[in-house]
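In my numbering, the protein residues as written are 1128 to 1493. Glycine residues also receive a C-beta, built at the ideal position from the N, C-alpha and C atoms. None of these values were measured; they are calculated from a predicted model. Working notes, structure below.
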């Protein structure tokens, strides 16, 4: 067992830990997380607009009558999540490079907006198409946000910036330093979108289509579940490692399902947004340990297991189970590792199958 753990630590945990700490992946992860308050609060208005009540109830009738107004907060938060995520990615990546974080965030938002082509509406003027500002545009958001900050870093390292005297206030100085990087970003994105008429969102959709489809398949669900529990079995934070790569995909699924609901679609396009994992697979946290905690409460014989289970029951309801994983412990326990890995594979199979066959509606809000 010790040799196996040493092998994993040398050949697997090290590279995976470095992957999870990779600068650009961390910026994407933190950028997505920074947008969660807007995504979560905005999604509540989707519930209000489509209440889970009989259609002839007073609340449902009222919601249907006022649906357009109720959905405004949703459409200006979750429906344009890419805008908030671009700001977060640009901010965090610039901060990791020790650049001006606000400039990085603003350049990222600017580059994303420049991937869109305004449409002229009679008597209303120019309007931006909203579709690519939601979950649909997340892949392009990640690419252009990283690109814009890398341009800022290039200008900084090559000293291609307007330097102001020390007597100038820092806020003014930072604004002038960002002038040339902003010019590069604006000119580059304008050339792509306007001069060459390249729709980056369409191009990325075509390239990412196999990945998006694979991630929503049965094996696209089972593999992350297995890897997360496998890493946890050896004390490695599985969600941090796997989620860094998978969460952007999950957010795309969640956003597109939300957009489908808001548009009145009867069938949602994706089975496996992140809430599928949180509420149908991880019953009590990674490894689905809530049943184990309940069994310890009912059948536990030692004082330690009784005390530990009472401590873990409330966090477990909210899918927080590190006290069980490290306190029992499950980590490096060859007996408990087996059900810790197998149980979520079973719940994942049941959840995916039930959703795919139409017994359960695909998740679409946080």
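Check for me: the alpha helix (DSSP H) holding residue i runs from which residue to which?
i            : result
residue 1216 : 1208-1223
residue 1346 : 1345-1360
residue 1268 : 1265-1284
residue 1438 : 1430-1444
residue 1384 : 1365-1389
residue 1453 : 1449-1454
residue 1169 : 1163-1176
residue 1328 : 1327-1342
residue 1233 : 1228-1240
residue 1262 : Premise fails: residue 1262 is in no alpha helix (DSSP H) and is neither H nor E.
residue 1304 : 1297-1304
residue 1416 : First-last for residue 1416: undefined, no H or E at that position.
residue 1194 : 1194-1197
Which residues in the same chain have their Cβ closer than 8 Å to the Cβ of residue i, if we skip the five residues on either side of it in sequence?
i            : result
residue 1331 : 1266, 1267, 1270
residue 1222 : 1228, 1231
residue 1173 : 1198, 1201, 1205, 1385, 1388, 1389, 1491, 1492
residue 1259 : 1209, 1242, 1243, 1267, 1328
residue 1418 : 1410, 1411, 1470
For residue i, which residues from the same chain have a beta carbon less than 7 Å from its beta carbon, with the 5 sequence-adjacent residues on both sides left out?
i            : result
residue 1405 : 1446
residue 1194 : 1176
residue 1169 : 1200, 1201, 1204, 1205
residue 1351 : 1369, 1373
residue 1380 : 1343, 1397, 1399, 1400
residue 1319 : 1325, 1327
residue 1261 : 1206, 1207, 1208, 1209, 1382, 1386
residue 1366 : 1355, 1413
Per DSSP, what are the beta-bridge partners of residue i in this structure?
i            : result
residue 1486 : Residue 1486 is not bridged to any residue.
residue 1248 : 1252
Looking at the ligand NAD, does it come within less than 7 Å of residue i, judged from the CB to the closest heavy atom?
i            : result
residue 1314 : The ligand NAD is not among the ligands present in this structure, which contains no ligands whatsoever.
For my contact list, residue i and residue j are in at a C-beta cut-off of 8 Å; report their separation, rounded to the angstrom.
i            : j            : result
residue 1395 : residue 1384 : 5 Å
residue 1360 : residue 1468 : 7 Å
residue 1451 : residue 1477 : Not confirmed; about 22 Å, so no contact.
residue 1216 : residue 1155 : 6 Å
residue 1371 : residue 1152 : 5 Å
residue 1278 : residue 1289 : Wrong, their Cβ atoms sit about 15 Å apart, outside the cutoff.
residue 1475 : residue 1349 : 6 Å
residue 1398 : residue 1479 : 6 Å
residue 1457 : residue 1414 : 7 Å
residue 1226 : residue 1283 : 6 Å
residue 1463 : residue 1455 : 7 Å
For residue i, which residues in the same chain have their Cβ closer than 6 Å to its Cβ, ignoring the five residues on either side in sequence?
i            : result
residue 1285 : none
residue 1291 : 1300, 1303
residue 1081 : Any answer about residue 1081 is impossible in this case: the structure gives the chain only from 1128 up to 1493.
residue 1157 : 1219
residue 1448 : 1411, 1412, 1416
residue 1423 : 1432, 1436
residue 1161 : 1215
residue 1180 : 1186, 1187
**OP:** Answer yes if the segment 1201-1221 comes into contact with the segment 1158-1175, meaning at least three C-beta pairs across the two stretches below 8 Å, and no otherwise.
**Re:** Contact between the segment 1158-1175 and the segment 1201-1221 is present: three or more C-beta pairs spanning the two stretches fall below 8 Å.
**OP:** Mind the definition here: the segment 1307-1315 touches the segment 1245-1254 only if three or more C-beta pairs lie below 8 Å; say whether that holds.
**Re:** Taking 8 Å as the limit for Cβ pairs, the verdict is that the segment 1245-1254 does not touch the segment 1307-1315.
**OP:** Examine the Cβ distances between the segment 1232-1239 and the segment 1249-1258 and report whether three or more of them are shorter than 8 Å.
**Re:** Contact between the segment 1232-1239 and the segment 1249-1258 is absent, because fewer than three Cβ pairs lie under 8 Å.
Original post:
Pairing CB atoms from the segment 1329-1344 with CB atoms from the segment 1362-1377, are three or more of them under 8 Å?
Top reply: Contact between the segment 1329-1344 and the segment 1362-1377 is present, because at least three Cβ pairs lie under 8 Å.
Original post:
Quick one: any contact between the segment 1475-1489 and the segment 1427-1445, if contact means 3 or more CB pairs under 8 Å?
Top reply: As far as the Cβ criterion goes, the segment 1475-1489 does not touch the segment 1427-1445, which means the pair count is below three.
**OP:** Would you check if there are 3 or more beta carbon pairs closer than 8 Å linking the segment 1424-1431 to the segment 1405-1414?
**Re:** The segment 1424-1431 makes no contact with the segment 1405-1414; the number of CB pairs closer than 8 Å stays below 3.
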